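Remarks on the structure that follows.
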Amino acid sequence: MFNSFLPPSEAINAEALLLTPVTQKSLSSKLDDYLFKVLLDMSSIADKARLLSVSSPHAGLWLSVSPSEGLGLHLDPSQFQVAIKWWLGLDLSYGSCCPLCPEIALDPLGQHAVTCKRGGDVVSRHNKLRDILAESCRRAHLGIQVEMGNNLTNTRPADLLVPNWVLG
Numbered sequence: 008m009f010n011s012f013l014p015p016s017e018a019i020n021a022e023a024l025l026l027t028p029v030t031q032k033s034l035s036s037k038l039d040d041y042l043f044k045v046l047l048d049m050s051s052i053a054d055k056a057r058l059l060s061v062s063s064p065h066a067g068l069w070l071s072v073s074p075s076e077g078l079g080l081h082l083d084p085s086q087f088q089v090a091i092k093w094w095l096g097l098d099l100s101y102g103s104c105c106p107l108c109p110e111i112a113l114d115p116l117g118q119h120a121v122t123c124k125r126g127g128d129v130v131s132r133h134n135k136l137r138d139i140l141a142e143s144c145r146r147a148h149l150g151i152q153v154e155m156g157n158n159l160t161n162t163r164p165a166d167l168l169v170p171n172w173v174l175g
């Protein structure tokens, strides 16, 4: 039965098992690895990215964090349901349109919802990430400057500027 799930090149020879015993764990691992590869091969690019992301080491640790509103580690039930559906690759669109872009139907994986430029979420996430990186640079005494522009060339300001950094 086990070999029916594997290609012939990966099949387990019964005689070889008598000479070298194999654990159930190693057999299950071999089968899981092969079926995951098959799943990836038949997945779209978006599903492939999601599957690789959610299967990487420690990717599921957010599920075991104790909720703490004071630390910002809290999801209300509807937020948790959306997060789990995204994690599992389930349809998040509910057949509806973006409330800020009525002409755009929401995609099943929720990509538009997290990248919509008409809402403030993209800018808010960007600014939070910028601030976290800036604080890390400050702690490393890098003399970081936030949102520093170049008045001479009228270019867009740098989110983070580390003056005189030879590697940057």
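Heads up: the sequence shown begins at 8 in my numbering, then just goes up one per residue.
Ideal placement from N, C-alpha and C gives every residue a C-beta, glycine not left out.
If you're wondering where the values come from, they're calculated on a predicted model, not measured in any experiment.
Residues sharing a beta bridge with residue i, DSSP
{"i": "C104", "result": "A112"}
{"i": "S75", "result": "L80"}
{"i": "V153", "result": "L167"}
Unbroken beta strand (DSSP E) run spanning residue i, endpoints
{"i": "P164", "result": "T162 to L168"}
Residue i versus residue j: straight-line alpha-carbon distance, rounded
{"i": "A147", "j": "S62", "result": "32 Å"}
{"i": "L24", "j": "L42", "result": "22 Å"}
{"i": "I111", "j": "R137", "result": "29 Å"}
{"i": "K135", "j": "V89", "result": "22 Å"}
{"i": "E22", "j": "L34", "result": "15 Å"}
{"i": "K55", "j": "L82", "result": "26 Å"}
{"i": "S73", "j": "V29", "result": "38 Å"}
{"i": "S60", "j": "A66", "result": "7 Å"}
{"i": "V173", "j": "C104", "result": "48 Å"}
{"i": "I79", "j": "K92", "result": "The sequence given here has Gly at residue 79, not Ile. The straight-line gap from Cα to Cα measures roughly 21 Å."}
{"i": "I19", "j": "K124", "result": "53 Å"}
Enclosing alpha helix (DSSP H) for residue i [first to last residue]
{"i": "W93", "result": "P84 to L95"}
{"i": "S50", "result": "Premise fails: S50 is in no alpha helix (DSSP H) and is neither H nor E."}
{"i": "L25", "result": "A21 to L26"}
{"i": "K135", "result": "D128 to R146"}
{"i": "T122", "result": "Q118 to T122"}
- Task: Kindly confirm or deny that the region 12 to 20 and the region 33 to 41 touch, where touching means at least three C-beta pairs closer than 8 Å.
- Result: With the rule of 3 Cβ pairs closer than 8 Å, the region 12 to 20 counts as touching the region 33 to 41.
- Query: Quick one: any contact between the region 162 to 174 and the region 139 to 151, if contact means 3 or more CB pairs under 8 Å?
  - Reply: With a cut-off of 8 Å, the region 139 to 151 and the region 162 to 174 count as touching, because enough Cβ pairs lie within range.
- Item | At least 3 beta-carbon pairs within less than 8 Å: the region 122 to 134 vs the region 90 to 102 | No, they do not touch.
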